[in-house]
Amino acid sequence: MSDNVLRIFSYLPNPRVWKALIAARYLGLSVEVVGDKPKELGNWLWDFAARPLRDEEKVPENPNARQSRRGFSGTLYKTDAFLQTQPYGTVPAAFSADGKIGVFESNSILRAVARSGSAEHGLYGRSPMQASRIDSFLDATLVFGREAQVYLLGISEISAELHQRMAGAFEFFLEGIEQALSHHDYVAGDELTIADIAFACDFSQFMRERLMRAGLDAASLPLVSEGAENTYPRAFAHLYRLIEQPEFVEYLGKYTEHFLSERS
Ligand SMILES: N[C@@H](CCC(=O)N[C@@H](CS)C(=O)NCC(=O)O)C(=O)O
6 MSDNVLRIFS
16 YLPNPRVWKA
26 LIAARYLGLS
36 VEVVGDKPKE
46 LGNWLWDFAA
56 RPLRDEEKVP
66 ENPNARQSRR
76 GFSGTLYKTD
86 AFLQTQPYGT
96 VPAAFSADGK
106 IGVFESNSIL
116 RAVARSGSAE
126 HGLYGRSPMQ
136 ASRIDSFLDA
146 TLVFGREAQV
156 YLLGISEISA
166 ELHQRMAGAF
176 EFFLEGIEQA
186 LSHHDYVAGD
196 ELTIADIAFA
206 CDFSQFMRER
216 LMRAGLDAAS
226 LPLVSEGAEN
236 TYPRAFAHLY
246 RLIEQPEFVE
256 YLGKYTEHFL
266 SERS
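Numbering (my numbering), first residue to last: 6 to 269.
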């Protein structure tokens, strides 16, 4: 059996995958990552043994052919076994090393890595209650991440309603992070945990809106994050501090350059 604690199949690069990889770096664990560029994933068999399809397999009669559901368009080729372990059929899709157990939702994949490492590290807290507090932030991050996903996927034809909904979710999420950081150095307490990792990855992904202004400009709508550095100074300072760590910079370094360069 391999030394990898997990295998992850996904489009790449993907900040949702980086959550698990950053945690693995802190814990000295190895995670196998299999995948391809987003546009290429329609040419792959979605399975524990994921692989590029042969041309003759890319046909509507292929029993694995399924209509994509979110973030992809057209047909995706997902095996029955994939859907047994990944009931929502999404990526990133993680598997135990033997392929028998599927773990989905990037925050849960992140938790799976943290649980596989030494508890000494404290990445998932040092008591059941601390772990539960970390879970609270992971849940809040998922709610924000889901709103951000709908917003970013719809930004080229944005409506005022969608924009307003995102603005509300952004404010709610960032206010909580700002509040948490007013009395502790890290999101969930006094040391770095997977709550910081999820925050950095999901928040950096949201900041891509600054590279996608065309749709907002066309609808005469502002960036949701316009001036947010001033409104949420602790949240941004924390993000900048995290991104400087070698475990983060490897994945988020280039990805965040576009807004780090605007830093005052
Ligand atoms: N909240 C999930 C989001 C996963 C997700 O929605 N993945 C989409 C791509 S962005 C997907 O796999 N869609 C498959 C489909 O369209 O069938 C996570 O963090 O893992």
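Ideal Cβ placement from N, Cα and C applies to all residues, glycine included.
Pairwise C-alpha distance: D103 and M6: The residue given as residue 6 occupies position 1 in the sequence shown. The residue given as residue 103 occupies position 98 in the sequence shown. For M6, the predicted model reports a pLDDT of 49, less than 50, meaning its position is unreliable; a value from the coordinates is still stated below. If you take the alpha carbons of M6 and D103, they lie about 8 Å apart.
Chain-order list of residues whose beta-carbon lies under 8 Å from that of A165 (same chain, five-residue window excluded): For the purposes of this step, residue 165 is taken as the residue at position 160 of the sequence shown. Closer than 8 Å at the Cβ level, and outside the excluded window around A165, lie A224, L226.
Reference H264; option with closest CA among V10, T236, S230: For the purposes of this step, residue 264 is identified with residue 259 of the sequence shown, where counting begins at 1. In the sequence as presented, His is not what sits at residue 264; that position holds Phe. It is S230.
Ligand 1 heavy atom lying under 7 Å from the CB of F77: Locating residue 77 in the sequence shown gives position 72, where the first residue counts as 1. A distance criterion of 7 Å places the beta-carbon of F77 in contact range of ligand 1, judged by its closest non-hydrogen atom.
Run of the alpha helix (DSSP H) containing R151, from where it starts to where it stops: Within the sequence shown, the letter at position 146 stands for residue 151. Under the DSSP assignment, R151 falls in the alpha helix (DSSP H) whose first and last residues are 133–159.
Helix, strand or coil at S35 [DSSP, three-state]: Here residue 35 refers to the residue found at position 30 when the sequence shown is read from its first residue. In the three-state reduction of the DSSP assignment, S35 falls in the coil class, being assigned neither a helical nor a strand state.
Nearest-angstrom Cα separation, counted from R215 out to L228: Working through the sequence shown from its first residue, we reach residue 228 at position 223. Working through the sequence shown from its first residue, we reach residue 215 at position 210. Those two C-alpha atoms are separated by around 7 Å.
Contacts around V254, its chain only, beta-carbon distance under 7 Å, and the 5 residues preceding and following it disregarded: Along the sequence shown, one-based indexing puts residue 254 at 249. Cβ neighbours of V254 beyond the five flanking positions: I248.
For A136 and R218, the rounded distance between their alpha carbons: Taking the first residue of the sequence shown as position 1, residue 218 is located at position 213. Taking the first residue of the sequence shown as position 1, residue 136 is located at position 131. Between R218 and A136, the alpha-carbon positions lie close to 38 Å from each other.
Cβ of E166 within 8 Å of any chain B Cβ: The structure shown has no chain B; it contains just one protein chain.
Ligand 1 heavy atom lying under 7 Å from the CB of L157: Reading the sequence shown from its first residue, position 152 is the one you call residue 157. Exclusion of L157 from the 7 Å shell around ligand 1 follows from its C-beta lying no nearer than that to any non-hydrogen atom of the ligand.
Proximity test, P92 beta-carbon vs ligand 3 heavy atom, cut-off 7 Å: Among the ligands in the structure shown, ligand 3 does not appear; only ligand 1 can be found there.
Contact the stretch 105–124 vs the stretch 24–35: 3+ CB pairs below 8 Å: Touching, per the Cβ criterion.
A145 burial status per 10 Å Cβ neighbour count (16 or more: buried): Start at 1 with the first residue of the sequence shown, and residue 145 comes out as number 140. Result: buried.
Check whether L158 and G76 have beta carbons under 8 Å apart: As a working note, residue 158 is residue 153 in the sequence shown. As a working note, residue 76 is residue 71 in the sequence shown. In this structure, L158 places its C-beta atom within 8 Å of the C-beta atom of G76.
Spatial distance of V192 from V10 (CA atoms): The sequence position of residue 192 within the sequence shown is 187, counting from 1. The sequence position of residue 10 within the sequence shown is 5, counting from 1. In this structure, the CA atom of V192 is about 26 Å from the CA atom of V10.
Continuous beta strand (DSSP E) stretch holding G107: start and end: Within the sequence shown, residue 107 is the residue found at index 102, counting from 1. Per DSSP, G107 belongs to the beta strand (DSSP E) from 107–109.
Three-state secondary structure assigned by DSSP to K83: By one-based count along the sequence shown, residue 83 stands at place 78. Correct three-state label for K83: strand.
Pair within 8 Å by beta-carbon distance, L17 and V36: Within the sequence shown, numbered from 1, the residue matching residue 17 stands at position 12. Within the sequence shown, numbered from 1, the residue matching residue 36 stands at position 31. Cβ atoms of L17 and V36: not closer than 8 Å.
Candidates S132, F241, N112: closest to L179 by CA position: Position 174 of the sequence shown, counted from the first residue, corresponds to residue 179. Of the candidates S132, F241, N112, the residue whose Cα lies closest to the Cα of L179 is F241.
Local conformation of R215 per DSSP, three classes: Locating residue 215 in the sequence shown gives position 210, counting from the first residue. Look at R215 here: in three-state DSSP terms it is helix.
Backbone CA spacing between L277 and N112 [nearest angstrom]: Limits of the chain in this structure are 6 at one end and 269 at the other, which puts residue 277 out of reach.
CB contact flag (T84, W49, <8 Å): On the sequence shown, position 79 is the one that residue 84 refers to. On the sequence shown, position 44 is the one that residue 49 refers to. The answer is no: Cβ separation not under 8 Å.
From G40, S73, E66, residue whose alpha carbon lies closest to that of A286: In the structure displayed, the chain extends from 6 to 269; residue 286 sits before or after that span and is not available.
L257 to L197 span [Cα, whole Å]: Mapped onto the sequence shown, residue 257 falls at position 252. Mapped onto the sequence shown, residue 197 falls at position 192. Taking the straight line joining both Cα atoms gives about 17 Å.
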